[in-house]
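> Position 92, counted from 1, in the sequence shown is what my numbering calls 102; the numbers after and before it change by one each time, with no gaps. Even glycine gets a Cβ: it sits at the ideal position worked out from N, Cα and C.
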Amino acid sequence: MYINIRIQGYPGDEYHSKDYKRLYEREKEERERLQRELDRCNRQINQLRQEQQLKISNDHSYSNTSDTMNIHNYTSSNNCNNSQIPDTEIVRLREEISKMKEENGALIRVISKLSKPI
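(1) With DSSP collapsed to three states, give me the class of I128.
(2) What did DSSP end up calling I95 once you bin it into helix, strand or coil?
(3) With a CB to CB cut of under 6 Å and the five nearest residues on each side skipped, what residues in its chain are close to N56?
(4) Please work out which residues of its chain come closer than 8 Å, Cβ to Cβ, to R119, disregarding the five sequence neighbours upstream and downstream, and give them in chain order.
(5) How many angstroms separate the CA atom of K38 from the CA atom of Q54?
(6) In whole angstroms, what separates the C-alpha of N52 from that of E61?
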C-alpha cells in the first residue's frame, strides 16, 4: 500500500525533487568523467614509470659494460706496461706521488684555516 505524504507549506515539491535528481545526475556524470580522467592519468604515469625504469636499466647496463671494458683494458695495458717500465721510472713515479701527497696535505691545511670563521 502506497501512502502519499505531502508536507503543506512547501509549494512545488515535485519541482524541487526533479532539481535534486538533475543535480545528482550532473554530479554523477562529472564524477564519472573525472574518474575516467584519473584512470587515464594513472595509466600514463605507470607507462612513464616503466619507460623511465627501462631507460635507467639500459643506461646502467651500458655504463656498467663500458666501465667493465675500461677496467679490463686498463689492467691489460698495465700488465703489459709493468714489465716494460724500468726500475728508475718506478722510483721517479714513487717520489712524484710522495711529493703530491705532501702538497695535498699542505693544501688541506690551508683550506681548513681559510674556512674557519673569524
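Reading off the structure:
(1) Start at 1 with the first residue of the sequence shown, and residue 128 comes out as number 118. It is coil, neither helix nor strand.
(2) Reading the sequence shown from its first residue, position 85 is the one you call residue 95. Three-state result, I95: coil.
(3) By 1-based counting over the sequence shown, the position of residue 56 is 46. Closer than 6 Å at Cβ, skipping near neighbours: no residue.
(4) Taking the first residue of the sequence shown as 1, we reach residue 119 at position 109. Cβ neighbours of R119 beyond the five flanking positions: none.
(5) To locate residue 38, count along the sequence shown from 1; it is residue 28. To locate residue 54, count along the sequence shown from 1; it is residue 44. Near 24 Å, if we compare the C-alpha coordinates of Q54 and K38.
(6) Locating residue 52 in the sequence shown gives position 42, counting from the first residue. Locating residue 61 in the sequence shown gives position 51, counting from the first residue. Roughly 14 Å separates the two Cα atoms.
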